[in-house]
Amino acid sequence: MKNPMFSHEMTRRGLLKSGMAMTAAGLILPAGMAMAQTEPKKGGVFRAGIGHGSSTDGYDPGLWDNLYAQTFAAARHNQLIEVSADGALVPEIAESWESADGITWTFKIRQGVSFHSGKPVTADDAVASLNHHRGDASTSAAKPFFDAVTDIKVDGQSVVVTLSAANADFPYLMSDYHLPVMPGADGKIDPTSTDGCGGYVVDSYEPGVQATLNRNPNYWKSDRAHFDQIVLLSILDPAARLNALMTGEVDVIDQVDPATIGLLEARGVAKILSVSGNAHYVFTMDARAAPYNDNNVRLALKYAFDRQELVDKILAGHGSVANDNPIGPASRYYFAEMEAKTYDPDKAKFHLKQAGMDKLEVTLSAANAAFSGAVDAAVLMSEKAAAAGITITVDRVPDDGYFDNVWMKKPFCASYWGGRAVEDQMFTIAYQTGAAWNESFWSNAKFDTLLIAARSELDEAKRREMYQEMQQIVSFEGSTIIPMYNNYVMALANTVATPDKVANNWNLDGFRAVERWWFA
Amino acid sequence: MNDIWRMIGQRLLFGLLTLFVISVVIFGATELLPGDLARELLGQSATEETLAALRDQLGLNDPAPLRYWNWLTAALQGDFGVSMATKRPIADLVGARLGNTLFLALYAAALSVPISLTLGVLAALWRNSIFDRASNALALTAISIPEFFVAYILVLFLAQSGLFPSMVRITGSTTFGDQLYMSFLPALTLTLVVTAHMMRMTRAAIINLLANPYIEMARLKGMSPLRVVLRHAVPNALAPIINVVALNLAYLITGVVVVEVVFVYPGLGQLMVDAVTNRDIAVVQAIALIFASAYVLLNLIADVLSTISNPRLMHRS
Chain A
401 MKNPMFSHEM TRRGLLKSGM AMTAAGLILP AGMAMAQTEP KKGGVFRAGI GHGSSTDGYD
461 PGLWDNLYAQ TFAAARHNQL IEVSADGALV PEIAESWESA DGITWTFKIR QGVSFHSGKP
521 VTADDAVASL NHHRGDASTS AAKPFFDAVT DIKVDGQSVV VTLSAANADF PYLMSDYHLP
581 VMPGADGKID PTSTDGCGGY VVDSYEPGVQ ATLNRNPNYW KSDRAHFDQI VLLSILDPAA
641 RLNALMTGEV DVIDQVDPAT IGLLEARGVA KILSVSGNAH YVFTMDARAA PYNDNNVRLA
701 LKYAFDRQEL VDKILAGHGS VANDNPIGPA SRYYFAEMEA KTYDPDKAKF HLKQAGMDKL
761 EVTLSAANAA FSGAVDAAVL MSEKAAAAGI TITVDRVPDD GYFDNVWMKK PFCASYWGGR
821 AVEDQMFTIA YQTGAAWNES FWSNAKFDTL LIAARSELDE AKRREMYQEM QQIVSFEGST
881 IIPMYNNYVM ALANTVATPD KVANNWNLDG FRAVERWWFA
Chain B
589 MNDIWRMIGQ RLLFGLLTLF VISVVIFGAT ELLPGDLARE LLGQSATEET LAALRDQLGL
649 NDPAPLRYWN WLTAALQGDF GVSMATKRPI ADLVGARLGN TLFLALYAAA LSVPISLTLG
709 VLAALWRNSI FDRASNALAL TAISIPEFFV AYILVLFLAQ SGLFPSMVRI TGSTTFGDQL
769 YMSFLPALTL TLVVTAHMMR MTRAAIINLL ANPYIEMARL KGMSPLRVVL RHAVPNALAP
829 IINVVALNLA YLITGVVVVE VVFVYPGLGQ LMVDAVTNRD IAVVQAIALI FASAYVLLNL
889 IADVLSTISN PRLMHRS
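Each protein sequence line maps, in turn, to chains A and B.
Okay, so the first sequence: first residue is 401 according to my numbering, each after it adds one.
Okay, so the second sequence: first residue is 589 according to my numbering, each after it adds one.
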């Protein structure tokens, strides 16, 4: 009998629906994908068309802020710790790590690994790489991760990190893309150097255009980096990206426009890879400002629109409904059983009444810079909210300077988050009272207490309970509307083969497509 | 001939003044844009602390006039500085892109100028014929469709069938022939966009002259219509034709960012857009000056050529 998952007769919607059951497994396999599974083979020139990239991109790890820079970095660098395709931490340059109390962490550096320049990788290099993100003079976007770090020092073959308070998830931070191991000199790394210990050596790079890298012949992982050469092209226009794939100019593209997925599948020249992760789109409300300072108003807005409609129309089904929960289905402690919020105008009216109002008039600022389709999503919300007596005026603002002039300035606006590896990281950077990126200016004493307690709680069951309670609080008392988790949607030429499981922590197999994929 | 040299000298001086004014305007305009380089580089993940550190490092805390003065004095000494975002010398950054942009502009000009002049002359010669109407209709249709749409149509018919590549990848090892082949679709798109203007101008200028008594005289002498047009009308129509060609050449250098995006062509336009979005003022200034120089120089060349083509202008004084 045919396996219904891979039957060609299935409609896309049907496939997606059955795929929903698989989202916990992280991967929706399209028709034909299963046939591509073979043993990895070496060779070939792998060309990827990536929808980001700018002529201002550089080599400084503290400033990588787009998917092109991140993929390019993953090709030439290794981290201390890697996130495997199933979300677990696996040793990379740190061959093991341990901590007795969650405060002092020891990372043992793998011996026998060398940089492209031939210089062996030592604990000193690792310390210099981490210190690049610490201190007053650091310009790194990863600086807040190190707020709790009081000391980093070398101990023989190991790096010892001391924290000001216990954090059971600290090793997860070491897998962050900002923190590659780079060669150090006098305790500093050179942020303009291409040198790394990753699977590919930079041959040429023109920022915002393309990078060409050759396989690192001395790469320490023998079962990775299968391509002889990789070419990373920055193709910003979604239609140009699609054309490049269809005409065989590239082998893989990312950020496929949902509207074109059906057409691409019909052509049969490529396969769609749609991976559900923790990335999500949000509408934030300023919890300090009226009327959003009343939780009843926030709840009214949360019940006043149709989440499934947004998933269907904005993501063309390539995503899933989110319940105002920033912790996604790819997380360890995802609270799947939480009471779902459906479109319920009566409930919205009820909460308005609780807040002492008959009707509500708000302005929602949106630009597609926040996420692709943000303006359309805002309009859809506004249409549905009318039935609940809520008038949402959509204020379309310019893309340029959006995160400067609108985000965290207007009381109600659109934004987005990429997936974060751990619950603690997501909550700490965006939901803890006073956090720099707490975009809703939300503050909840109970949540804050739980967050700190959970960080140092080493009992698994108790941690799960605590994190689920925090999700409950954010969902029902928080000041952030999270309508949907967006999938990472990529398209692959039929010649490209991937492992059975593709990582869902980031775009392009956790940026590692270049070293995990191969030509069948 | 001395008049010509004096004119060139004068115009070059005015050109320099124009460039100076443009650099002030561009600097002022970039200052007016919300946000700054530090903010754009760090993006959504910026915190006040990292912003302050980065601003300090980039020298963004100096007052605007001081920053402009520093840039100007360096630029006058031929040092356009380094990109504030990437620390790469601007000469490197802009150099390769400028080469690509000029290549595409000349390629498109090499296709479009002969086509539009020939069509223009023939349309004037066979005024109101089917040929005249058809070529006018086609050219006007092409110019009326937005250029990105023209580009997509060409991709649909010429790239998806595998005849031409849909994107341009120029590397160090690309040969001239390869580059011509790869850049054909963007060049063709630009050709379709600019042909109508030049063709219609040529046709109008010639038709205008055909009503003159000296043309009638030539006809009465029994000259063939083609000879009348080529020998007697075209030389007198050169001035407006040269001007419209120069204007379109300048457009081909400065206005092709949309075509660059569709064909992933690594030209100056995309670099300028990136630099503006990132508020990388040094790069914006360098490119703005290149674009302005293109206009100044092409206009100068056009004026010189039209003066030379018209002896009456040469002996004015």
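In this text, a Cβ means the ideal position worked out from N, Cα and C, and glycines have one as well.
Boundaries (first-last residue) of the alpha helix (DSSP H) holding residue i
i               : result
T638 of chain B : E636 to L646
E848 of chain B : V845 to V850
Q754 of chain A : P745 to Q754
G857 of chain B : L856 to T865
D776 of chain A : A774 to A785
Three-state class that DSSP yields for residue i in the structure shown
i               : result
I727 of chain A : coil
L601 of chain B : helix
L850 of chain A : helix
Y346 of chain A : Lying outside 401 to 920, the shown extent of chain A, residue 346 of chain A is not represented and no answer is given.
T777 of chain B : helix
E498 of chain A : strand
A913 of chain A : helix
D712 of chain A : helix
A895 of chain A : Note that residue 895 of chain A is Thr in the sequence shown here, rather than Ala. Note: T895 of chain A maps to coil in three-state DSSP.
Y816 of chain A : strand
M433 of chain A : With a pLDDT of 45 at M433 of chain A, under the threshold of 50, the modelled position of that residue is not reliable, and no figure is offered here.
R615 of chain A : strand
P823 of chain B : helix
A903 of chain A : coil
S761 of chain B : coil
W918 of chain A : strand
S812 of chain B : coil
D551 of chain A : strand
L579 of chain A : coil
I493 of chain A : coil
Nearest-angstrom beta carbon gap, residue j and residue i [assumed within contact, 8 Å]
i               : j               : result
L892 of chain A : T471 of chain A : Actually they do not touch by this definition, with Cβ atoms about 15 Å apart.
A785 of chain A : A774 of chain A : Wrong, their Cβ atoms sit about 16 Å apart, outside the cutoff.
A770 of chain A : Y734 of chain A : Between Y734 of chain A and A770 of chain A the Cβ distance is about 24 Å, and since that is not below 8 Å, they are no contact.
N887 of chain A : H718 of chain A : 4 Å
Residue from the options with nearest C-alpha to residue i
i               : options                           : result
P952 of chain A : A:K713, A:A679 and A:M685         : In this structure chain A extends from 401 to 920, so residue 952 of chain A is not present and cannot be described.
T606 of chain B : B:Y883, B:N831, B:F737 and B:A806 : B:Y883
F627 of chain A : A:N723, A:R615 and A:S772         : A:R615
N618 of chain A : A:S564, A:G518 and A:V602         : A:G518
K759 of chain B : B:A684, B:L901 and B:L710         : What sits at residue 759 of chain B in the sequence shown is Thr, not Lys. For the residues B:A684, B:L901 and B:L710, the minimum Cα distance to T759 of chain B belongs to B:A684.
I481 of chain A : A:L573, A:S455, A:P691 and A:M757 : A:L573
V675 of chain A : A:A689, A:A920, A:E915 and A:V902 : A:V902
D848 of chain A : A:V822, A:L858, A:G878 and A:D547 : A:G878
M870 of chain A : A:L850, A:Y885 and A:I881         : A:L850
F683 of chain A : A:E606, A:Q479, A:I653 and A:A722 : A:A722
S723 of chain B : B:A739, B:W659, B:S671 and B:T790 : B:T790
P745 of chain A : A:K508, A:K442 and A:K753         : A:K753
D776 of chain A : A:L710, A:G801, A:K747 and A:L489 : A:L710
Y577 of chain A : A:A541, A:E606 and A:S564         : A:A541
K675 of chain B : A:P544, A:S499 and A:D457         : A:D457
Boundaries (first-last residue) of the beta strand (DSSP E) holding residue i
i               : result
M685 of chain A : H680 to M685
E606 of chain A : Y600 to E606
Q629 of chain A : Q629 to S634
V347 of chain A : This structure leaves residue 347 of chain A out entirely; chain A is present only between 401 and 920.
Y556 of chain B : Shown here, chain B extends from 589 to 905; a query on residue 556 of chain B therefore has no answer.
A739 of chain B : Where A739 of chain B is concerned, there is no enclosing beta strand (DSSP E), although the alpha helix (DSSP H) it sits in stretches over E735 to L742.
R447 of chain A : V445 to I450
Residues, ordered as in the chain, of the stretch 599 to 611 of chain A that lie near chain B by beta-carbon distance below 9 Å = Within the stretch 599 to 611 of chain A, the residues whose Cβ lies closer than 9 Å to some Cβ of chain B are S604, E606, P607, G608, V609 and Q610, listed in chain order.
Near-chain A residues of the stretch 746 to 772 of chain B - C-beta to any C-beta below 8 Å = Interface annotation for the stretch 746 to 772 of chain B against chain A: A747, Q748, G750, P753, S754, M755, R757, T759 and G760, criterion Cβ-Cβ distance under 8 Å.
message = What are the residues in the stretch 581 to 593 of chain A lying within 8 Å of chain B by C-beta distance?
response = Answer set for the stretch 581 to 593 of chain A: T592.
query = Mind listing which residues of the stretch 533 to 563 of chain A have their C-beta closer than 8 Å to chain B's C-betas, in chain order?
reply = Of all residues in the stretch 533 to 563 of chain A, D536, A537, S538, T539, S540, A541, K543 and P544 have a Cβ within less than 8 Å of some Cβ in chain B.
ask   = Quick one, which residues of the stretch 640 to 661 of chain A are near chain B if we go by CB-CB under 7 Å, in chain order?
value = In summary, the residues of the stretch 640 to 661 of chain A whose CB is separated from some CB of chain B by less than 7 Å are A640, N643, A644, M646, T647 and E649, in the order they occur in the chain.
ask   = Taking Cβ-Cβ distances below 9 Å as the criterion, which residues of the stretch 622 to 636 of chain A are in contact with chain B?
value = Along the stretch 622 to 636 of chain A, the positions whose C-beta sits under 9 Å from a C-beta of chain B are V631, L633, S634, I635 and L636, read in chain order.
ask   = Listed from N- to C-terminal order along the chain, which residues in the stretch 790 to 805 of chain A have their beta-carbon within a distance smaller than 8 Å of any beta-carbon of chain B?
value = Contact annotation: in the stretch 790 to 805 of chain A, residues whose CB is within less than 8 Å of a CB in chain B are D800, G801, F803, D804 and N805.
task = Could you run through the stretch 695 to 727 of chain A and flag, in chain order, every residue whose CB is less than 7 Å away from some CB of chain B?
result = Listed in sequence order: no entries.
message = Any C-beta of chain A within less than 7 Å: which residues of the stretch 864 to 881 of chain B qualify?
response = Residues T865, N866 and D868.
ask   = Listed from N- to C-terminal order along the chain, which residues in the stretch 442 to 454 of chain A have their beta-carbon within a distance smaller than 7 Å of any beta-carbon of chain B?
value = Within the stretch 442 to 454 of chain A, the qualifying residues are S454.
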